[in-house]
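Remarks on the structure that follows.
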Amino acid sequence: MKKKIFLIGLPIILILLLISLFAIPIIINNIILTAFANQLYNLPLPVNTKIVSKTQAAGNFAPTGNHLDFLAIIEVESSLTEEELIKYYSDKTLKPANDVSFLKPKRGFYDDVSFVRAPIKISIIPKNQAYQKYPSSKSYIKGNTIDKGIDNKLFIIQILDGQYDPGWDLRAN
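Numbering (my numbering), first residue to last: 94 to 266.
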(Lines of atoms letter the chains of each structure in order from A; the text may use other names.)
(Lines give C-alpha, C1' and ligand atoms only; values in the text may rest on other atoms or scores of the structure.)
Protein backbone atom coordinates (compact mmCIF):
# COMPACT_ATOMS: atom_id res chain seq x y z
CA MET A 94 0.00 0.00 0.00
CA LYS A 95 2.79 2.45 0.90
CA LYS A 96 4.62 1.59 -2.30
CA LYS A 97 1.47 2.34 -4.34
CA ILE A 98 1.00 5.73 -2.64
CA PHE A 99 4.68 6.50 -3.25
CA LEU A 100 4.43 5.55 -6.94
CA ILE A 101 1.37 7.80 -7.38
CA GLY A 102 2.49 10.64 -5.09
CA LEU A 103 6.04 11.06 -6.38
CA PRO A 104 5.04 11.91 -10.00
CA ILE A 105 2.38 14.33 -8.73
CA ILE A 106 4.93 16.09 -6.53
CA LEU A 107 7.43 16.25 -9.39
CA ILE A 108 4.81 17.68 -11.75
CA LEU A 109 3.81 20.33 -9.17
CA LEU A 110 7.46 21.28 -8.66
CA LEU A 111 7.96 21.60 -12.40
CA ILE A 112 4.85 23.76 -12.79
CA SER A 113 5.90 26.01 -9.89
CA LEU A 114 9.32 26.48 -11.49
CA PHE A 115 7.60 28.35 -14.33
CA ALA A 116 4.52 29.75 -12.53
CA ILE A 117 6.20 31.47 -9.57
CA PRO A 118 8.35 33.88 -11.64
CA ILE A 119 5.29 34.86 -13.71
CA ILE A 120 3.22 35.48 -10.57
CA ILE A 121 6.01 37.57 -9.01
CA ASN A 122 6.47 39.64 -12.18
CA ASN A 123 2.69 40.17 -12.45
CA ILE A 124 2.64 41.57 -8.91
CA ILE A 125 5.49 43.93 -9.84
CA LEU A 126 3.71 44.84 -13.10
CA THR A 127 0.49 45.72 -11.27
CA ALA A 128 2.37 47.98 -8.83
CA PHE A 129 4.26 49.59 -11.74
CA ALA A 130 1.07 50.17 -13.78
CA ASN A 131 -0.87 51.51 -10.78
CA GLN A 132 1.52 54.45 -10.61
CA LEU A 133 0.16 55.60 -13.96
CA TYR A 134 -3.43 54.50 -13.36
CA ASN A 135 -3.63 56.33 -10.03
CA LEU A 136 -2.50 59.70 -11.39
CA PRO A 137 -5.37 62.18 -11.65
CA LEU A 138 -6.49 62.87 -15.19
CA PRO A 139 -6.34 66.38 -16.61
CA VAL A 140 -9.59 68.27 -17.10
CA ASN A 141 -11.78 67.31 -20.06
CA THR A 142 -10.07 63.90 -20.31
CA LYS A 143 -11.60 60.46 -19.92
CA ILE A 144 -10.15 56.96 -19.99
CA VAL A 145 -11.00 54.82 -23.01
CA SER A 146 -8.95 51.76 -22.03
CA LYS A 147 -6.10 50.52 -19.86
CA THR A 148 -3.47 47.93 -20.74
CA GLN A 149 -0.57 46.45 -18.86
CA ALA A 150 1.88 43.80 -19.95
CA ALA A 151 5.16 42.16 -19.03
CA GLY A 152 7.30 40.54 -21.68
CA ASN A 153 9.90 41.20 -24.31
CA PHE A 154 8.88 44.29 -26.29
CA ALA A 155 12.09 44.77 -28.28
CA PRO A 156 13.68 42.71 -31.04
CA THR A 157 16.44 41.50 -28.76
CA GLY A 158 15.66 38.50 -26.62
CA ASN A 159 16.07 37.34 -23.06
CA HIS A 160 15.04 40.43 -21.14
CA LEU A 161 11.85 41.50 -19.37
CA ASP A 162 10.02 44.79 -19.89
CA PHE A 163 7.13 46.25 -17.89
CA LEU A 164 4.56 48.35 -19.78
CA ALA A 165 1.43 50.27 -18.78
CA ILE A 166 -0.82 52.18 -21.18
CA ILE A 167 -3.87 54.37 -20.78
CA GLU A 168 -5.77 55.34 -23.90
CA VAL A 169 -7.64 58.60 -23.28
CA GLU A 170 -10.01 60.90 -25.09
CA SER A 171 -9.22 64.54 -24.38
CA SER A 172 -10.12 67.99 -25.59
CA LEU A 173 -6.57 69.05 -24.64
CA THR A 174 -3.81 69.23 -27.23
CA GLU A 175 -0.77 66.99 -27.25
CA GLU A 176 1.35 69.87 -25.93
CA GLU A 177 -1.09 70.50 -23.06
CA LEU A 178 -1.05 66.82 -22.08
CA ILE A 179 2.74 66.73 -22.25
CA LYS A 180 2.92 69.80 -20.02
CA TYR A 181 0.42 68.28 -17.57
CA TYR A 182 2.39 65.04 -17.20
CA SER A 183 5.88 66.56 -17.41
CA ASP A 184 6.20 67.17 -13.67
CA LYS A 185 5.00 63.67 -12.73
CA THR A 186 7.80 61.34 -11.71
CA LEU A 187 7.22 57.62 -11.54
CA LYS A 188 9.46 54.95 -10.10
CA PRO A 189 11.10 52.17 -12.10
CA ALA A 190 9.68 48.66 -11.71
CA ASN A 191 12.39 47.64 -9.25
CA ASP A 192 11.26 50.38 -6.80
CA VAL A 193 7.47 49.95 -6.72
CA SER A 194 6.88 46.68 -4.92
CA PHE A 195 8.15 44.74 -1.94
CA LEU A 196 9.03 42.13 -4.59
CA LYS A 197 11.89 43.00 -6.91
CA PRO A 198 12.42 41.97 -10.52
CA LYS A 199 15.63 40.10 -11.12
CA ARG A 200 18.52 42.48 -11.67
CA GLY A 201 18.86 43.59 -15.25
CA PHE A 202 21.83 42.86 -17.43
CA TYR A 203 23.11 46.41 -17.00
CA ASP A 204 22.44 46.69 -13.26
CA ASP A 205 25.73 46.59 -11.47
CA VAL A 206 26.42 48.01 -8.03
CA SER A 207 26.83 51.58 -9.33
CA PHE A 208 23.82 51.56 -11.64
CA VAL A 209 20.68 53.41 -10.51
CA ARG A 210 17.60 53.33 -12.72
CA ALA A 211 16.24 56.75 -13.67
CA PRO A 212 12.68 57.85 -12.92
CA ILE A 213 10.22 56.71 -15.56
CA LYS A 214 9.20 59.21 -18.24
CA ILE A 215 5.55 59.33 -19.26
CA SER A 216 5.09 59.25 -23.04
CA ILE A 217 2.16 61.05 -24.67
CA ILE A 218 1.41 59.93 -28.23
CA PRO A 219 -1.54 61.00 -30.37
CA LYS A 220 -3.28 57.77 -31.34
CA ASN A 221 -3.48 58.86 -34.97
CA GLN A 222 0.35 59.02 -35.02
CA ALA A 223 1.04 55.94 -32.87
CA TYR A 224 2.92 53.01 -34.32
CA GLN A 225 4.08 49.86 -32.63
CA LYS A 226 7.75 50.19 -31.83
CA TYR A 227 8.48 46.76 -33.35
CA PRO A 228 6.13 44.36 -35.15
CA SER A 229 5.70 42.14 -32.09
CA SER A 230 5.82 44.99 -29.57
CA LYS A 231 3.00 46.30 -27.43
CA SER A 232 4.72 49.64 -26.86
CA TYR A 233 4.22 52.64 -29.14
CA ILE A 234 6.29 55.40 -30.68
CA LYS A 235 5.17 58.57 -32.41
CA GLY A 236 5.34 58.36 -36.19
CA ASN A 237 5.64 61.14 -38.75
CA THR A 238 2.41 60.42 -40.58
CA ILE A 239 -1.14 61.05 -39.41
CA ASP A 240 -3.89 58.46 -39.82
CA LYS A 241 -6.90 60.64 -40.62
CA GLY A 242 -9.23 57.71 -39.89
CA ILE A 243 -8.45 57.93 -36.15
CA ASP A 244 -10.00 60.65 -33.99
CA ASN A 245 -7.46 63.38 -33.18
CA LYS A 246 -8.78 63.57 -29.59
CA LEU A 247 -7.44 60.09 -28.73
CA PHE A 248 -4.06 59.77 -27.03
CA ILE A 249 -1.87 56.97 -25.74
CA ILE A 250 -0.22 57.63 -22.38
CA GLN A 251 2.41 55.01 -21.62
CA ILE A 252 5.22 54.10 -19.28
CA LEU A 253 7.85 51.49 -20.07
CA ASP A 254 10.69 50.10 -17.99
CA GLY A 255 12.83 47.30 -19.26
CA GLN A 256 15.98 45.28 -19.60
CA TYR A 257 15.38 43.18 -16.49
CA ASP A 258 16.63 39.62 -16.26
CA PRO A 259 13.57 37.43 -16.99
CA GLY A 260 14.74 34.43 -15.02
CA TRP A 261 12.20 31.67 -15.73
CA ASP A 262 9.48 34.04 -16.97
CA LEU A 263 8.89 32.60 -20.43
CA ARG A 264 7.06 35.69 -21.71
CA ALA A 265 10.43 37.37 -22.15
CA ASN A 266 12.26 34.78 -24.22
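Note that CB positions come from ideal geometry on N, CA and C, so glycine has one too.
None of the values given here were measured: they were computed from a predicted structure.
query	result
Cα-Cα, which of K180, A128, P139 and S146 is closest to K220?	S146
Please classify S171 as buried or exposed, where buried requires at least 16 other C-beta atoms within 10 Å of its C-beta.	buried
Considering only the alpha carbon of each residue, which of E168, I234 and I179 lies closest to K143?	E168
Can you give me the C-alpha to C-alpha distance between I121 and L196, rounded to a whole angstrom?	7 Å
Would you mind reading off the limits of the beta strand (DSSP E) that contains I252?	L247 to Y257
Count the other CB atoms within 10 Å of the CB of F115; is the residue buried (16 or more) or exposed (fewer)?	exposed
Can you give the beta carbon distance from A165 to A130, rounded, assuming they're within the 8 Å contact cut?	4 Å
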